[in-house]
Amino acid sequence: KYKDIDINGVDYFHIMQLMHNSVKEVAEQTNAIFLDLDSELVFDYEKDFYDDMHTTPLGSEKIGKYLYKQLKHLNFSPY
């Protein structure tokens, strides 16, 4: 429920798609890095997530390895 509007799973899916597409578009317009975990990783929702949003240690490890692989060439310095 958002304010007085009932939101079901289909609504939630479409809202998330709109948000995803908006963030991707802004990243492209600003030449920012955009990593599309949803299309580039395969998740096991039983093992990788506690709920719709929060990852288990296994899911967090999968995401961390993906992020490292995608970003390591940037040579970030912690200082």
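Numbering (the working numbering), first residue to last: 9 to 87.
Even glycine gets a Cβ: it sits at the ideal position worked out from N, Cα and C.
What you are looking at is a predicted structure, and each value in this text was computed from that prediction instead of being measured.
Top-ranked residue by Cα proximity to residue i, from the options
| i | options | result |
| --- | --- | --- |
| Gly102 | Leu75, His81 and Lys55 | Here the chain comprises residues numbered 9 to 87, so residue 102 is not present and cannot be evaluated. |
| Asp46 | Val34, Ile71 and Ile15 | Ile71 |
| Lys77 | Leu49, Asp60 and Ala40 | Leu49 |
| Asp60 | Tyr20, Lys9 and Lys11 | Tyr20 |
Close Cβ partners of residue i (< 8 Å) along its chain, the five nearest in sequence each way excluded
| i | result |
| --- | --- |
| Asn83 | none |
| Lys32 | Phe42 and Asp44 |
| Glu36 | Phe42 |
| Phe57 | Phe51, Thr63, Thr64 and Gly67 |
Helix, strand or coil at residue i according to DSSP, with G and I counted as helix
| i | result |
| --- | --- |
| Phe57 | strand |
| Tyr6 | Since the displayed the chain opens at 9 and closes at 87, residue 6 lies outside it and no answer follows. |
| Ile13 | strand |
| Asn29 | helix |
| Leu45 | helix |
| Ala35 | helix |
| Val50 | coil |
DSSP bridge partner residues for residue i (one or two, in chain order)
| i | result |
| --- | --- |
| Thr63 | Phe57 |
Beta-carbon proximity list for residue i, same chain, < 6 Å, skipping 5 on both sides
| i | result |
| --- | --- |
| Ser29 | In the sequence as presented, Ser is not what sits at residue 29; that position holds Asn. So no residue of the chain qualifies. |
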